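Participant:
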Amino acid sequence: MISLDSADESSAPRSVRRASIRGRLISTVIGFGTLAVVTCVLAPLVGSTSISLTRALDPSIPFDQNVDAQIFFVARLPRVLAGALVGSALAAAGVVFQAMLRNPLATPFTLGVSAGASLGAMLVIIFGGAFALGPLSAVPAASLVGAGAATAVVYWLATRHGHAISTSVLLLAGVTLNSFLSALIMFVQYLADFAQVYRAARWIMGDLDIGSYDPLIASLPLVVVAFGLFALLPSSLNLLSVGKDAAAARGVDVPRAQRLAFFSASLATAAAVSLAGPIGFVGIVVPHLVRLLVGVDHRIVLPASALFGAAFLVACDLLARTLLSPVEIPVGIVTAMIGGPFFLWLLVRKS
Amino acid sequence: MAARTQKLIALVALVFVVLSLDTSRAQDKAPLSAPRRIVSLVPAITEMLFAIGAGPQVVAVSSYDEFPPEVKALPKVGALIDPDTERILALRPDLVVVYGSQSELGKQLERSGHRAFSYRHGGIATTLDTVRDLGVATGHRAEADKLASSIQTRLDAVRDRVKGRPQPRTMLIFERQPGTLRAVYASGGVGFLNEMLTIAGGKNVFADVSRESAQPSIETMLTRAPEVILEVRAAGLIEKTPSPEPDAWSALSSIPAVKNKRVHLLTGDYLVVPGPRLAAATEAYARALHPDAFK
């Protein structure tokens, strides 16, 4: 375990806090960054098979005869990288949604983005053939389109009565859209043949076993853009999570900050879900755990959650592929098995 | 209040009378006479019924039924998860074939005086036993025995044909997300697919998985290194065979089957149905595994 600066900030004078924020940010990023890097370096070395790293990295063996190299570079590395990308995107999106909606129970999937993505994926799995949009294959492409459509609908509903997003309408519209889309997903599955139901069910459980770098290359730019936007957010999130009026009084352009938060978090969620399916609990457990460790300042919580999310999902996937080896547990089940009880424990402990 | 109570009593009495009428009617029926109105909710069983000459007795089938072509004209009354009980009862069947997991439906049918025939997929022996049982249940005993032994004879012929040849280590895949290596479902070491593969002269790389299906990760597929990959795909109603599909397997070039171009794709719904056509399916597997044996 890493040691973290957990000084009680409320007792410190304001000027001291402002001065120490940079130092705390650096120490937190180093701490959580080390954890993420160590996890990502160790994870590809372990699996259901034991491989020889020297053989895997030996350039004198042709790649198509080098099983160790293929296991390392085709089976494990893309998978670990996908876990890191998806984990950090979901955890960061969770932080942003929770602050923006002022609701500790918000997750990246609360506002219907993932249900839209899932419906898109289901439609292709059940009715579609194989097509590709650049590096995106059919299912991720369709789930991105679905996520985009759901985001647009929720945004339109929440801004109908003025330019600013109404958080309560956003939450209600999002939750309702979520249920409505879930019903459509069930209907589409109901129309499917047995075989397609297998595939659909597998997708919904979440899966990082992507087997190639193409899906990563397709999702990376989306996540990078989302994280670029996240970097603009922390100060206004700190004020927004206190209240809209308080934020406006301190000079935050509230409508702009909300739009930025909503679209960046939706983009990160869409990229994550299109790559790996709707993997639950990362977006709620990681932010809460990080807040427990480093306090509530979003300038610290957001980067720390992104890094810890990466480590968490990579570790969960490591368990998923080794625990019952050679049989695999879908990673979404592992995150739920670990995340659910942990979150309940957190709740009980706090109250 | 009193009027309502009276109405309630009358209603209960009416229900009771109807129920007792229904049971008395059921008792009138000779329980073992050959059924004339069969409803089959299991496609494999529908195929068996038609193959043993009980086809004309079938009045309705499941929504998944496509074979033989005669079923297309019959009413569809739901399937495994959505049987339409009301329509089934309205057809006044005297035998309803249900899947083993539909025990509630089976009980419900029996309560209302209908005979239910419960079935579960198993191995090839299950299929042959079921054919014979259906013969007894439907009054086509001779045809059923004949069909069961002809399937057995044909399977034996396939086994003999490939006997003595080296058995390639084979991965039998029955589901996969087209164009990718995701959501792969392969035959485990149990069930009719595994038995058909074995008779066809293949050695299942997942023989040690004691379940009907395995969902191998890419790492597992690389480690098991099959010499042949046999992909069977039931060409369903909705899904057309995808036009030139990107070759996802080429990424796993260390797998001998990929390296030696021994990835075979077979399409047709008969390939994965444990019914009368399983001998034909086994032969198709054998032709793919041992092309030399069929020259």
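So the protein lines, in turn, are chains C and H. Counting along the first sequence from 1, when you hit position 71 you're at 70 in numbering that gives the first Met the number 0, and nothing is skipped either side. Counting along the second sequence from 1, when you hit position 165 you're at 164 in numbering that gives the first Met the number 0, and nothing is skipped either side. Note that the Cβ used here is the ideal one computed from N, Cα and C, for glycine as well. A quick note: this is a predicted structure, and the numbers were derived from the prediction, not measured.
In whole angstroms, what is the alpha-carbon distance linking residue 339/C and residue 280/C?
Facilitator: The alpha-carbon atoms of residue 339/C and residue 280/C are separated by roughly 7 Å.
Participant: If the cut is a Cβ gap below 9 Å, which residues of chain C does residue 258/H touch?
Facilitator: Result: 63, 64.
Participant: Are at least three pairs of beta-carbons, each pair with one atom in the region 173–192 of chain H and one in the region 153–165 of chain H, less than 8 Å apart?
Facilitator: Verdict: no, contact absent.
Participant: For residue 236/H, count the other beta carbons within 10 Å of its own beta carbon; 16 or more makes it buried, fewer makes it exposed. Which is it?
Facilitator: Because the pLDDT of residue 236/H is 39, which lies under 50, any placement of that residue in the model is unreliable, and the number read from its coordinates should be weighed accordingly. Residue 236/H comes out exposed.
Participant: Is the Cβ of residue 176/H closer than 8 Å to any Cβ of chain C?
Facilitator: Closer than 8 Å: yes.
Participant: For chain H, is any of its Cβ atoms less than 8 Å away from the one on residue 374/C?
Facilitator: No statement about residue 374/C is possible, as the shown extent of chain C runs from 0 to 350 and does not include it.
Participant: Would the region 75–87 of chain H count as touching the region 164–178 of chain H if we require 3 or more Cβ pairs under 8 Å?
Facilitator: Short answer: they don't touch.
Participant: By the 9 Å beta-carbon criterion, what residues does the region 205–222 of chain H contribute toward chain C?
Facilitator: Against chain C - using a Cβ distance shorter than 9 Å - the residues of the region 205–222 of chain H are 205, 207, 208, 210, 212, 213, 214, 215, 216, 217, 218, 219, 220, 221, 222.
Participant: With DSSP as the reference, please indicate the residues paired to residue 116/H in a beta bridge.
Facilitator: Answer is 96/H.
Participant: Using C-beta distances below 8 Å, list every residue in its chain close to residue 54/C, excluding the 5 sequence neighbours before and after it, in chain order.
Facilitator: Correct list, in chain order: 60, 65, 67, 68.
Participant: So with Cβ pairs under 8 Å, would you call residue 283/H a contact of chain C?
Facilitator: Chain C, which has no Cβ nearer than 8 Å to the Cβ of residue 283/H, makes this no.
Participant: In three-state terms, what does DSSP make of residue 184/H?
Facilitator: If DSSP states are grouped into helix, strand and coil, residue 184/H belongs with the strands.
Participant: With three or more C-beta pairs closer than 8 Å as the rule, is the region 216–236 of chain C touching the region 83–94 of chain C?
Facilitator: The region 83–94 of chain C vs the region 216–236 of chain C: in contact.
Participant: Determine whether the beta carbon atoms of residue 39/C and residue 271/C lie at a separation below 8 Å.
Facilitator: No; because the gap between Cβ atoms is not below 8 Å, this pair is not in contact.
Participant: Can you tell me the Cα-Cα spacing of residue 137/C and residue 277/C, whole angstroms?
Facilitator: For residue 137/C and residue 277/C, the distance between alpha carbons rounds to 17 Å.
Participant: What residue range does the beta strand (DSSP E) around residue 204/C cover?
Facilitator: First-last for residue 204/C: undefined, no H or E at that position.
Participant: If you compare alpha carbons, which of 200/C, 215/C, 176/C is closest to residue 184/H?
Facilitator: The shortest Cα separation from residue 184/H among 200/C, 215/C, 176/C belongs to 200/C.
Participant: If we cut at 8 Å on Cβ distances, does residue 179/H have a partner in chain C?
Facilitator: So yes, residue 179/H belongs to the interface.
Participant: One question on the structure: do residue 107/C and residue 93/C come within less than 8 Å of each other, judged by their Cβ atoms?
Facilitator: It is a contact, given that the beta carbons lie within the stated cut-off.
Participant: Residues in its own chain within less than 6 Å of residue 208/H by CB, not counting five upstream and five downstream?
Facilitator: Excluding residues within five positions, the ones whose Cβ falls inside 6 Å are 187, 188.
Participant: Measure the alpha-carbon distance for residue 213/C versus residue 327/C and round it to whole angstroms.
Facilitator: Those two C-alpha atoms are separated by around 23 Å.
Participant: Could you say which of 138/H, 130/H, 137/H, 166/H lies nearest to residue 149/H if we only look at CA atoms?
Facilitator: Measuring from the Cα of residue 149/H, the nearest candidate turns out to be 130/H.
Participant: Among all the DSSP beta bridges, which residues are the ones paired with residue 170/H?
Facilitator: Note: residue 170/H sits in a beta bridge opposite 228/H.
Participant: Please work out which residues of its chain come closer than 7 Å, Cβ to Cβ, to residue 165/C, disregarding the five sequence neighbours upstream and downstream, and give them in chain order.
Facilitator: Excluding residues within five positions, the ones whose Cβ falls inside 7 Å are 157.
Participant: Residues of chain H with CB under 8 Å from residue 197/C, in chain order?
Facilitator: Those within 8 Å of residue 197/C in chain H are 174, 182, 184.
Participant: What are the start and end residues of the alpha helix (DSSP H) that includes residue 297/C?
Facilitator: Run containing residue 297/C: 297–321, per the alpha helix (DSSP H) assignment.
Participant: So that I know if they touch, is there some Cβ in chain H lying closer than 8 Å to that of residue 325/C?
Facilitator: It does: the Cβ of residue 325/C has a partner Cβ on chain H nearer than 8 Å.
Participant: Verify whether the separation of the beta carbon atoms of residue 289/H and residue 181/H is less than 8 Å.
Facilitator: In this structure, residue 181/H does not lie closer than 8 Å to residue 289/H by Cβ.
Participant: Sorted by chain position, which residues of the same chain lie with C-beta nearer than 6 Å to residue 123/H's C-beta, five sequence neighbours on each side aside?
Facilitator: 191, 194.
Participant: From 254/C, 249/C, 209/C, pick the residue whose C-alpha is nearest to that of residue 247/H; which is it?
Facilitator: Among 254/C, 249/C, 209/C, the Cα nearest to that of residue 247/H belongs to 209/C.
Participant: For residue 167/C, decide whether its Cβ has a neighbour in chain H, counting only Cβ atoms nearer than 8 Å.
Facilitator: By this cut-off, residue 167/C is not an interface position.
Participant: Just how far apart, CA to CA, sit residue 254/H and residue 202/H?
Facilitator: So the two alpha carbons sit approximately 16 Å from each other.
Participant: Determine, using beta carbons only, whether residue 46/C comes closer than 8 Å to chain H.
Facilitator: Chain H, which has a Cβ nearer than 8 Å to the Cβ of residue 46/C, makes this yes.
Participant: Please classify residue 282/H as buried or exposed, where buried requires at least 16 other C-beta atoms within 10 Å of its C-beta.
Facilitator: That one is buried.
Participant: Report, in whole angstroms, the separation of the C-beta atoms of residue 244/C and residue 82/C, which I expect to be a contact under 8 Å.
Facilitator: Incorrect: roughly 40 Å between the Cβ atoms, too far for contact.
Participant: Using Cβ-Cβ distances below 7 Å, what residues of the region 74–92 of chain C are close to chain H?
Facilitator: Cβ contacts with chain H come from 74, 75.
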